[in-house]
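Enquirer:
In this note's numbering, the protein residues as written are 52 to 170.
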């Protein structure tokens with residue numbers, strides 16, 4: 052149990068777990084599996100930050116089991132898992148995040164921005 056956030060440090064959220072088979076437990080594993088899990092976690096953080104940067108937010112890892120979401124004003128929130136990320140992001144922003152926002156799509160797919168009017 053973490054004394055700072057009162058969360059379990061042994062449980063791994065399903066988004067952070069690599070399923071080699073269906074019977075794999077949610078307890079953290081050591082060795083190569085753990086290194087692979089952390090690499091994939093950092094990849095998900097980088098991908099999430101591409102979206103969050105549009106809104107002035109940044110996600111970072113916290114102890115390999117939680118996340119910290121911060122805005123440019125210095126406010127931050129602990130995010131338990133990726134399932135809670137967007138709710139916390141909307142709380143920090145004070146407005147909903149629209150995944151179909153045309154500007155967001157344009158930023159995430161810059162290669163298509165130049166070809167929209169050319170057909």
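Built from N, CA and C at the ideal position, the CB exists for glycine as well. Keep in mind it's a predicted model, so treat the numbers as computed, not measured.
Excluding five sequence neighbours on each side, which residues of the same chain lie with their C-beta closer than 7 Å to the C-beta of residue 89?
Expert: Translated into the one-based positions of the chain shown, residue 89 becomes position 38. Cβ within range, chain order: 115.
Enquirer: Measure the alpha-carbon distance for residue 83 versus residue 125 and round it to whole angstroms.
Expert: Taking the chain shown and counting its residues from 1, the one referred to as residue 83 is at position 32. Taking the chain shown and counting its residues from 1, the one referred to as residue 125 is at position 74. Straight-line Cα distance between these residues: approximately 35 Å.
Enquirer: Where does residue 133 sit, in a helix, a strand or coil, going by DSSP?
Expert: For this step, residue 133 is matched to residue 82 along the chain shown. The answer is helix: DSSP assigns residue 133 an H, G or I state.
Enquirer: What did DSSP end up calling residue 119 once you bin it into helix, strand or coil?
Expert: The count along the chain shown starts at 1 and reaches residue 119 at position 68. Strand.
Enquirer: Closest to residue 98 by C-alpha separation, out of 106, 110, 87, would be which residue?
Expert: Your numbering for residue 98 matches position 47 in the chain shown. For residue 98, the nearest C-alpha among the options comes from 110.
Enquirer: Quick one: grab the DSSP three-state call for residue 146.
Expert: The sequence position of residue 146 within the chain shown is 95, counting from 1. Coil at residue 146, not helix or strand.
Enquirer: Which partner residues of residue 127 appear in the DSSP bridge assignment?
Expert: Your numbering for residue 127 matches position 76 in the chain shown. DSSP, once it has assigned bridges, lists 121 as partnering residue 127.
Enquirer: Using a 10 Å radius around the Cβ and a threshold of 16 neighbouring Cβ atoms, would you call residue 118 buried or exposed?
Expert: The count along the chain shown starts at 1 and reaches residue 118 at position 67. Residue 118 is buried by the Cβ-count criterion.
Enquirer: Three-state secondary structure (DSSP) at residue 152?
Expert: Within the chain shown, residue 152 is the residue found at index 101, counting from 1. Residue state, collapsed to three classes: coil.
Enquirer: So, under 8 Å CB-CB, residue 136 and residue 120 are touching, yes? Tell me the CB distance rounded to an integer number of Å.
Expert: As a first step, residue 136 must be located in the chain shown, where it is residue number 85. As a first step, residue 120 must be located in the chain shown, where it is residue number 69. About 7 Å; that satisfies the 8 Å criterion.
Enquirer: May I ask you to list the residues that DSSP assigns as paired with residue 101?
Expert: Sequence index remark: in the chain shown, residue 101 carries index 50 (1-based). Answer by DSSP bridge pairing: none, since residue 101 is not bridged.
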